[in-house]
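Novice: Following the numbering used here, the numbering of the sequence shown begins with 444 at its first residue and continues without gaps.
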Amino acid sequence: MKKHPIFTMAFSKVYPMYVQKAERKNRTQAEVDQIICWLTGYDVEGLRQQIEQETDFEAFFAQAPALNPNVSLIKGVVCGVRVETLEDPLMQKIRFMDKLIDELAKGKAMEKILRQ
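#1: With DSSP as the reference, label A548 as helix, strand or coil.
#2: Answer yes if the segment 474-482 comes into contact with the segment 545-556, meaning at least three C-beta pairs across the two stretches below 8 Å, and no otherwise.
#3: Would you kindly check if the distance between the Cβ of M540 and the Cβ of R447 is under 8 Å?
#4: When the distance is taken between beta carbons, is G484 closer than 8 Å to P512?
#5: Taking 8 Å as the threshold (C-beta atoms), are V521 and D641 in contact?
#6: Out of curiosity, what's the CA-to-CA distance linking Y458 and K549?
#7: Buried or exposed, going by whether 16 or more other CB atoms sit within 10 Å of the CB of V526?
#8: How long is the line joining the alpha carbons of K536 and F504, rounded to whole angstroms?
#9: Once you ignore the five residues that flank E501 on each side, which residues in its own chain have a CB closer than 7 Å to its CB?
See the structure below:
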């Protein structure tokens with residue numbers, strides 16, 4: 444089976460779009476980083492290394508220290524698909540990240556985004 448093109452796309456190509464989306468809604472790059480670190484277990488330095496190395500999404504998630512245990516609390520629709528029902532684990536992780544960034548851009552409080 445052929446891999447979805449997003450799996451081999453460099454995370455560093457999408458990251459600036461996450462930041463732009465957040466900043467258009469008066470949110471910050473630091474908040475984007477906090478969300479990504481919460482989801483993946485990277486610290487800020489580890490996240491920067493992944494961006495600098497132009498790691499693709501597949502390797503980005505494979506090398507992630509630990510997916511947050513509260514990831515199962517992320518529910519909703521991204522691109523017309525319910526994130527909690529996606530069958531491909533990698534696509535689900537990517538969509539979880541998209542969903543969290545969407546929530547940030549929609550003005551949700553960080554406590555709610557981080558499922559605290």
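A virtual CB, placed ideally from N, CA and C, is assigned to each residue, including glycine.
All values derive from a computational prediction rather than experimental measurement.
Specialist: Taking the definition as stated:
#1: helix
#2: yes
#3: Sequence inspection shows His at residue 447; the Arg mentioned does not correspond to that position. No.
#4: no
#5: The structure shown has nothing for residue 641, since the chain only spans 444 to 559.
#6: 18 Å
#7: buried
#8: 8 Å
#9: F450, T451 and L533
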